[in-house]
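Beneath this line is the structure, given in structure tokens, with notes to follow.
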Amino acid sequence: MTRYIIRRLTVGLVQLLCLVIAVFFLIRLLPADPVSRFVGLNSSAEAYAQAERNLGLDRPIMVQLGHYLGILPAEGNGLLQGDLGTSWVTGSAVTSEIAQTLPVTLELLTMAFLFALVVSVPVGMLAALRPGGAADKGVFVYSLFAGSQPEFWWGLLFVYLFFFTLGVAPAPLGLLSPLTSSPPTVTGFVTVDSLLAGRPDVFLEALHHFMLPVATMVFILSGPIIKMVRQNMVRALGSDFVLYARCTGLPRRRVAFYALRAALAPSITLIGILYGFMLGGAVLIESVFSLGGLGQYAIRSILAFDYPAIQGVILVITAISLLVYLALDLIHAFIDPRVTL
Amino acid sequence: MTAGATRDPRRSRADLLLWIGISIVATAIFLAAFGPVIAPYDPTLATARVNIPPPRPADWPMLAWRSIAGSLDTPPHWFGTDANGFDLFSRVISAPRVDLTIALAANGLSLLVGVFLGLLAGYFRNLLTECLMRVSDVLQSFPVFISAMILVALAGRSTVNIVIALALLYTPIYIRLTRSEVLSQRVRGYVEAARALGNPEVVVALRHVLPNSLAPALIQSSVTIGFAILLTAGLSFVGAGVRPPAPEWGLMISSGANQIILGEWWPSVFPGVAVSLTVFGFAVLGNALETRYNN
Amino acid sequence: MSNVVPEILCAENLKVTYRTPGGPVSPLVDFSLSIREREVVGLIGDAGSGKSTAALALMGVVRPPGNIETGRVAFCGQDLLGMSEEELRSLRGRDIGIIVQNPRGALNPMLRVGSQIGNVYRSHSDVGRKGAAKHAVEMLRMVGINDPERRVDSYAHELSGGMAQRALIAMALSSSPRLLIADEPTSGLDVTIQAQFLDEMWSTVQKTGSAILLVSQDLGVIANYCDRIVVLHDGRIVEDQKVVDFFRAPGHPYSRSVMSLQRNVARGRDDSPATPHSAAGAVADAPLVEVRDLAKDFPMRDSDKVIRAVQEVAFEIRPGETFGLVGESGSGKTTVGRCLLRLEEPTSGRISYLRRDITGIGGRDLRSYRSRMQIVFQDPFDSLNPRWKVRRILREPLDLHTDLPRADKEARSRELLKMVGLSDDILDLKPKGMSAGAMQRLNIARALASSPEFIVLDEPTSVLAPGAVSGLIDLLRRLQDTLGLSYLFISHDLTTVEHLCHRVAVMYLGQIVEVGTVDQVFNAPQHPYARALLASHLFPDPTRRRVDSPPEDALEGEIPSPVDLPSGCYLAGRCSHAVNRCHAEPQTLEKLADGRLTRCWRIGAGELRTAA
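Residue numbers (my numbering), protein chains in the order written: chain A, 1 to 341; chain B, 1001 to 1295; chain C, 2001 to 2612.
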């Protein structure tokens, strides 16, 4: 098991390195001109050259890469030393900017996944009890629908409905209202920090602001999760071993448990893939609700041609995805003995 | 065998869903071809009337009659106008030409390349195809939406660049799907039989294995087209897609986003319904294809 | 006299119905059956005839989404279908045991085998977790699993098919049921182990006064173990008879079609092809196909070891001859066939076709050689391109190997269909929906298209219903007579081999252990393995029941892995005649006085000449 984890982490690191290098070259090969973005199109050649020098774009590309990776000792810190570079827009360290924005995204995703699972798993199971029945049909059409929706648009609809019309939700303008002083940063997660600081009012306010974005995401996520749980449960209930368990006179509850476990195990893989997918997909919801998470940071950096920030975002998102996959594979192996590590 | 004779009501309900899907997709394709032609206003030309709400549904029959009778000076704004004075109805029905074209082209390109590479990787397993799979792995571990943003924003916000970016991101899916199907088909008896009959390997691969390995990729196509529409709209929404004033659903939703807090819902809602229905239509179609294939 | 024996189970007018999108479907209609004490009742029928549905319905279980629409089941006088859920539950698994098909699929993949057995035991008796765990070990030991203390901790996927089958048997028997329902209980087992199992089950019934419903498609099993036979056809019982009477004179037309092969064999082997019929006397003695020292290794994933699938195989096939290759699964017989056609590259050895070495040829040579030599595979459905119509399937070899004009190809396709007994109006159909027998005929037609001289038949009858088998065997013989074909017939079914072959080779673990005429090998096998194989084959003849005269040639233990083969004779570990030299010395094929070859030095030395 330990050996498996080490092997997976090693493979993951190699994969990350390939990715970093691929992204590094990709963004430099694309015909964008970050320099003129910063100095303006009408700047003098001198100012242009100065800016190019400041950004380090005048040096040979391999040197730039070496500098970024931190394998050129003369050039100072790089990736190897845990330094993601400096943002060209704000001038502050990408690492600290990501550390500020990432917790919001993780909070949003984790809450959304918890609620989505709590809602979707029972619904999927119930639908599977009578496949082809009216309830099953309805649930199925719902899952097909929810799984194919533009989340940003639903976010806006929710805003219109719950903020403008009903007035039960706050305006989509960030996590805390400008008048609220944020709690001191300990973990970076507002909900956790507010509790640590003993400020339940801030905690509740944050939850209130998370309400609509989480609801939007739960709606979108419920589609694929219900569909998958239902499908796996139908398969498990129709399987030979459940039939045989009934034939051997096992009590109903135990037969149900056999089916449940068999249905949940394969669902885990998909949840991991969804999590990784949403990590990048949260961009749109964050932008609708101005949550200031990693996704919005990504938008800002990309539109501003802020190369170090772009590279940092991709690296962090992929690294987290790989870790989530690994964790869920371990859980899967724990539930399903057929999966060997 | 006599199953077709007696029609079960539940079956026809499943058919109903399929027909809904087909009609949505057909409408979208029709609008992609003729939307800008039948639009009452030029979708890229602003009128002087700004932020007009849509007429109440109760007034629609009257308006329709009067516009047919020709007793109106200008055609009615069925969906209202937005902050720039664009007629929303014209823009919503013209948008498929942008959205659907991008989605179909990106899907077609990635399908073509992905199936071809997938066949190679599955049928001829050697060092080269192994490398291909590793490259495809790395490509697939990119976060899709952010990568698409990067590609389009840095390459330039043009339709062609969006198509290429989406195709690049979707190709690994098709490689993987086709490869795994080829792997399971190439050990089937009919492939062996074709070889035993004296067919050269290339003929076995192209004439026997390829046609029998297409189904998963084709089914996935319907889903991918839907997601490509979502992605195209999403890119415009964050400002990394097609440029205004092109009639595009995501762009329209985005331009109405600030008004929705103020209660002006129509600039965002109508294009959103269009995206929602279109993508749902493709999802239904994909599901129906999958069900038929599995049975 | 039989009506004094108490009835254990009595089912009346059972009807099972499934709701499907296309309307209700009833795989079982009007099913009535009674089983008495000490009775073994056989239930036969084609795939899809409702056998398994019936077996489950007798314990009140239906695979979802079906239900028992009408009917009554009485078990020891109690109304089974009228009971409460809880009463019925406690009856299942305690008074009625069941062994189902696909034993590995029937075990819960997520739970250890021991706790599954324990769960069943605990749901029928008042023991704790510990007691149940101890019981599980005992049960596994009882069904002959080695090292049961370790095996209780295994999961289903870690067990071989045979091992899983035993675990199921352990569960079924753990509470000494009055009635055992066994649905193809030996389908996953090798023949040598199958007989052993059925023997045990049969003697349990005789000892404890219980009863068995034995669902099977194998007439050999029915003839050897059952007292009565019930024939299901399209969901209805068409015949319910004593086994002896059934084999003498089956009543229903369907039963007669099932029995036709057996009755042909029973007619005696006078009409069996004793002398190869060949056109030119000059060629007659020259072998058509000659195999020398053939070996095939398969590399193993993540390991330097190899699976030694075929070793030192040598034989020859003369024009017009049918050469049989028999053995259990994993004996390498299929690999030999595939090597002959170069579908598999031999690791070493030499294959000659009409004296020409064909092991190294490629390109055009290989293609022309493939027009003269064809193969028919085991799974008829799998070997036809599912997207192609029959016309295109038959056209393909004609396009490859002939220059006929289009119209002639069409005529030739129709002729081919006629040759294999199919109507030519199927030309525009796709294979889907055709019966397995028809598909296999189509496969044969395709193989015949290039007018080959030699055809490898790789278990062509193994997935066919009993009724279709005899038709296919007759067809193969007729084609041989009219076209002068030679066959390599690969099969594990000794009954069909006996009926079709002139000479036969017995394979064990990749080697040929005995070659001789069918008469020699079937009537007086010499090699200990050949003897055991023949002895465990259940010939479909109720007058020669195995249970009446237990054979003495049984083998012990399990087949060694083809990765770690023993150093001496491969059979030495299981052979009751083995002496030290057998374990030390690899064996070679030796010629005996009567012309046959065996791979056993003790026979060559005259030490084992007992069964002749």
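Even for Gly, the Cβ is constructed at its ideal location relative to N, Cα and C. Everything numeric in this text was worked out from a predicted model, so none of it was measured.
Is there a Cβ from chain C that is less than 8 Å from the Cβ of Asp240 of chain A? yes
Could you check whether the region 315-331 of chain A touches the region 236-253 of chain A, counting it as contact only if at least three pairs of C-beta atoms, one from each stretch, sit closer than 8 Å? no
Between which two residues does the beta strand (DSSP E) holding Pro2540 of chain C run? From DSSP, Pro2540 of chain C is part of no beta strand (DSSP E); its letter is neither H nor E.
What is the DSSP secondary structure of Ser2567 of chain C, reduced to helix, strand or coil? coil
Could you tell me which uninterrupted alpha helix (DSSP H) segments, each at least 4 residues in length, are contained entirely in the region 2372-2449 of chain C, listed from first to last along the chain? 2390-2401, 2406-2419 and 2436-2448
Span separating the alpha-carbon of Ile2035 of chain C from that of Arg2441 of chain C: 39 Å
Continuous alpha helix (DSSP H) stretch holding Tyr142 of chain A: start and end: Ala134 to Ala146
Taking a contact to mean a Cβ-Cβ separation below 8 Å, would you say Arg230 of chain A touches Ala128 of chain A in this structure? yes
Assumed close pair His2527 of chain C, Arg2599 of chain C - CB separation to whole angstroms, cut-off 8 Å: 6 Å
Identify every run of the alpha helix (DSSP H) within the region 2290-2370 of chain C, keeping only runs that are complete inside it and at least 4 residues long; order them along the chain. 2333-2340
Give every residue of the same chain whose Cβ lies closer than 6 Å to the Cβ of Lys2430 of chain C, excluding the five residues on either side of it in the sequence, and list them in chain order. Lys2389
How far does the alpha helix (DSSP H) with Pro1172 of chain B in it extend, from its first residue to its last? Thr1159 to Gln1185
At a CB-CB cut-off below 8 Å, which residues of chain C make contact with Ala245 of chain A? Asn2108
Using CA coordinates, which residue listed in B:Pro1245, B:Gln1140 and B:Ala1274 is at the minimum distance from Ser1158 of chain B? B:Pro1245
What residues of chain C sit near Pro251 of chain A, judged by a beta carbon separation below 8 Å? Arg2089 and Ser2123
Closest by CA to Pro213 of chain A, which one among A:Leu57, A:Leu175, A:Val63 and A:Ser181? A:Leu175
Please classify Val1204 of chain B: does DSSP put it in a helix, a strand, or coil? helix
Which partner residues does Met2507 of chain C have in the DSSP bridge list? C:Ile2512
Contacting residues, own chain, Cβ-Cβ under 7 Å from Ala2279 of chain C (five flanking each side not counted): Below a pLDDT of 50, predicted positions are generally treated as unreliable, and Ala2279 of chain C, at 39, falls in that range; the measurement from the model is reported next regardless. Hits under 7 Å: Gly2484.
For Asn2580 of chain C, the first and last residue of its enclosing alpha helix (DSSP H): Asn2580 to Ala2584
In this structure, what does DSSP give as the bridge partners for His2135 of chain C? In DSSP, His2135 of chain C forms no bridge with anything.
DSSP three-state assignment for Cys1300 of chain B, whether helix, strand or coil: Past the boundaries of the shown model lies residue 1300 of chain B; chain B is included only from 1001 to 1295, so the question cannot be answered.
Figure out for me which residue from C:Asp2481, C:Val2289, C:Pro2299 and C:Leu2198 has the closest Cα to the Cα of Phe2315 of chain C. C:Val2289
Is the Cβ-Cβ distance between Gly1118 of chain B and Ser1222 of chain B less than 8 Å? no
Taking contact to mean 3 or more Cβ pairs, one atom from each stretch, closer than 8 Å, check whether the region 1215-1234 of chain B and the region 1064-1083 of chain B are in contact. no
Looking only at its own chain, which residues have a Cβ that is under 7 Å from the Cβ of Phe1237 of chain B, when we skip the five neighbours before and after it? Gly1250, Ile1253 and Ser1254
Evaluate Lys2333 of chain C with the Cβ neighbour count: other Cβ atoms within 10 Å of its Cβ, from every protein chain shown; 16 or more gives buried, anything less gives exposed. buried
Contact check, Phe2489 of chain C vs Thr2322 of chain C, beta carbons under 8 Å: yes
Please return the same chain residues whose Cβ sits closer than 8 Å to the Cβ of Trp154 of chain A, not counting the five positions on each side in sequence. Thr216, Phe219 and Ile220
Strictly by DSSP, which residues pair up with Asp2079 of chain C? C:Ala2074
Determine, using beta carbons only, whether Ser1257 of chain B comes closer than 8 Å to chain A. The question names Ser, but residue 1257 of chain B in the sequence shown is Ala. Output row for Ala1257 of chain B: interface = yes.
Does DSSP put Arg28 of chain A in a helix, in a strand, or in coil? helix
Find the residues of chain A that neighbour Ile2008 of chain C, judging by a C-beta separation of less than 9 Å, and give them in chain order. What Ile2008 of chain C touches in chain A: nothing, since even the nearest Cβ is about 17 Å away.
Looking at Gly1114 of chain B: is its Cβ nearer than 8 Å to the Cβ of Leu1183 of chain B? no
Sufficient close CB pairs (3 or more, under 8 Å) joining the region 115-125 of chain A to the region 180-195 of chain A: no
Use the C-beta contact count for Thr1178 of chain B: other C-beta atoms within 10 angstroms, 16 or more gives buried, fewer gives exposed. buried
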